[in-house]
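Chemist: Just dropping this structure here.
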Amino acid sequence: MASSSHSGPLDRLEILMKKPDNRFCADCGSPDPKWVSFNLGVFICIKCSGVHRSLGVHISKVLSVKLDEWTEEQVNTLIDGGGNSTVNMRYEAFIPKNISKPGPDSSTEERSDFIRRKYDLLQFLGPSSDHDHAQEETNQAKHRVGVRQAFRHSWRRKEAKSFSTRGMVEFVGMIKVNIFRGTNLAIRDVVSSDPYVVLTLGHQSVKTKVVKRSLNPIWNESLMLSVPSPTPPLKLEVFDKDKFSTDDRMGEAEIKIGPLVQRREKMIIPLQNVESGELEIELECVPLPQ
Ligand code: ZN
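Counting along the sequence shown from 1, when you hit position 158 you're at 159 in my numbering, and nothing is skipped either side.
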């Protein structure tokens with residue numbers, strides 16, 4: 002690894018994490034949060050990080066302090082946010098009396114509701130000490146809310162449904178899936194395929210990039226998923242990217258991720274429902290600290 006790691010992003014992250022206001026989740030107050038929304042500038046617990054993820058990356062970009070590799074730029078963005086108390090002074094400036102902030106033991110539903118109001122709907126937003134900045138931000142916020150309300154108007158029923166479904170889900174941890182390579186995959190175009198992998202766990206799904214014209218693709222990608230309880234099997238599917246038609250299937254597999262283990266587990270997964278092919282992956286589970 003790089004020899005400059007002594008003064009690298011991780012060290013600066015560590016210093017930030019030890020600041021008193023960052024030692025408790027910005028949203029629910031749980032001690033020792035190990036997750037960060039770096040664009041919003043807050044340290045959050047694993048339960049709240051699941052909710053942040055569900056808001057989408059246009060609202061919150063979540064990284065793990067321990068598991069993710071940080072760039073200097075991401076650390077800089079986080080520092081610019083000012084830390085948990087600065088961000089909360091802005092995003093929790095005016096919390097109405099009938100709404101209470103969730104605590105460490107709050108349900109996923111209470112958490113989701115508050116976090117969505119706080120960062121997505123911007124319902125508690127207040128002016129900061131810097132007047133011009135505040136004005137500009139309020140204008141932007143109004144614009145954002147305006148645009149979203151326009152969308153929401155037509156999408157309301159669909160969104161309300163998906164939100165309440167999501168609100169019921171309890172997360173017990175995170176799983177990091179390193180997808181290294183595929184070997185001897187099936188041919189779906191004339192002589193080759195353009196394969197990519199889709200991971201599905203409960204309602205979440207994430208995918209790798211497409212590797213062009215290869216039956217032995219190397220992805221070397223890390224994908225993160227929240228682990229719901231009860232935990233369904235992790236589904237892996239390989240597809241061939243087609244420009245002009247539906248992507249073709251190139252096999253699939255299911256992995257039971259059952260009792261969460263903290264150590265990394267490397268494995269070779271034979272693909273089912275296909276002529277040939279296997280995937281080389283690694284699983285790393287992060288249980289929720291109780
Ligand atoms: Zn929290």
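Every residue, glycine too, gets a C-beta built ideally from N, C-alpha and C.
Would you say residue 16 and residue 34 are within 8 Å of each other, going by their C-beta atoms?
Modeler: no
Chemist: Quick one: which unbroken alpha helix (DSSP H) runs of 4-plus residues sit fully inside the segment 25-97? Chain order, please.
Modeler: Within the segment 25-97, the alpha helix (DSSP H) runs of at least 4 residues that lie entirely inside it are, in chain order, 47-56, 73-82 and 85-92.
Chemist: So the beta strand (DSSP E) residue 206 belongs to, where does it begin and stop?
Modeler: It spans 205-208 - the beta strand (DSSP E) in which residue 206 sits, taken as one unbroken run.
Chemist: Residues around the ligand ZN, please: the ones whose beta-carbon is closer than 5 Å to some heavy atom of it, in chain order.
Modeler: 26, 28, 29, 31, 46 and 49
Chemist: Can you tell me the Cα-Cα spacing of residue 211 and residue 184, whole angstroms?
Modeler: 15 Å
Chemist: Less than 8 Å between the C-beta atoms of residue 56 and residue 82, yes or no?
Modeler: no
Chemist: Out of 53, 244, 26 and 101, which has the shortest C-alpha to C-alpha gap to residue 62?
Modeler: Looking at the Cα atoms, 53 is the closest of the given residues.
Chemist: What whole-angstrom Cβ distance do residue 253 and residue 274 have, given they're in contact under 8 Å?
Modeler: 6 Å
Chemist: Taking Cβ positions, are residue 232 and residue 269 nearer each other than 8 Å?
Modeler: no
Chemist: For a test of the three-state rule: what should DSSP assign to residue 11, helix, strand or coil?
Modeler: Helix, per DSSP.
Chemist: When the Cα atoms are used, what is the spatial distance from residue 13 to residue 230?
Modeler: 34 Å
Chemist: In whole angstroms, what is the alpha-carbon distance linking residue 214 and residue 122?
Modeler: 44 Å
Chemist: Bridge partners of residue 269, per DSSP?
Modeler: 281
Chemist: If you draw a straight line from the C-alpha of residue 27 to the C-alpha of residue 71, how long is it?
Modeler: Residue 27 and residue 71 have their alpha carbons spaced roughly 20 Å apart.
Chemist: Just to confirm the assignment: which complete beta strand (DSSP E) runs, minimum length 3, are found wholly within the segment 228-259?
Modeler: 235-241 and 249-256
Chemist: Mapping DSSP to helix, strand and coil, what is residue 226?
Modeler: strand
Chemist: Taking the continuous alpha helix (DSSP H) assigned at residue 125, which residues delimit it?
Modeler: Looking at the DSSP string, residue 125 is not in any alpha helix (DSSP H), and its letter there is neither H nor E.
Chemist: Report the residue from 205, 198, 284 and 228 whose alpha carbon sits nearest the alpha carbon of residue 250.
Modeler: For the residues 205, 198, 284 and 228, the minimum Cα distance to residue 250 belongs to 198.
Chemist: What residues in its chain sit with their C-beta under 6 Å from that of residue 292, if we drop five residues either side in the sequence?
Modeler: Residue 292 is absent from the model: the chain starts at 2 and stops at 291.
Chemist: For residue 280, tell me which candidate among 244, 178 and 78 has the shortest Cα-Cα distance.
Modeler: 178
Chemist: Mind reading off the beta-carbon distance from residue 43 to residue 85? Whole number of angstroms is fine, and I expect it under 8 Å.
Modeler: 5 Å
Chemist: Going by alpha carbons, who is nearest to residue 228 out of 89, 38, 180 and 205?
Modeler: 205
Chemist: Whole angstroms are fine: how far does the CA of residue 126 sit from the CA of residue 139?
Modeler: Only weak support exists for where residue 139 lies, its pLDDT of 48 falling under 50; the coordinates are left without a value.
Chemist: Report the rounded CA-to-CA distance for residue 208 versus residue 200, giving the unit in angstroms.
Modeler: 6 Å
Chemist: For residue 182, which of helix, strand or coil comes out of DSSP?
Modeler: strand
Chemist: Given residue 105, which residues of its chain have a CB within under 7 Å of its CB, disregarding the five upstream and five downstream residues?
Modeler: 29, 30 and 31
Chemist: Applying the 10 Å Cβ sphere with the 16-neighbour rule, what's the burial state of residue 246?
Modeler: It is exposed - the Cβ of residue 246 has fewer than 16 other Cβ atoms within 10 Å.
Chemist: Could you compute how far the alpha carbon of residue 226 sits from the alpha carbon of residue 98?
Modeler: 35 Å
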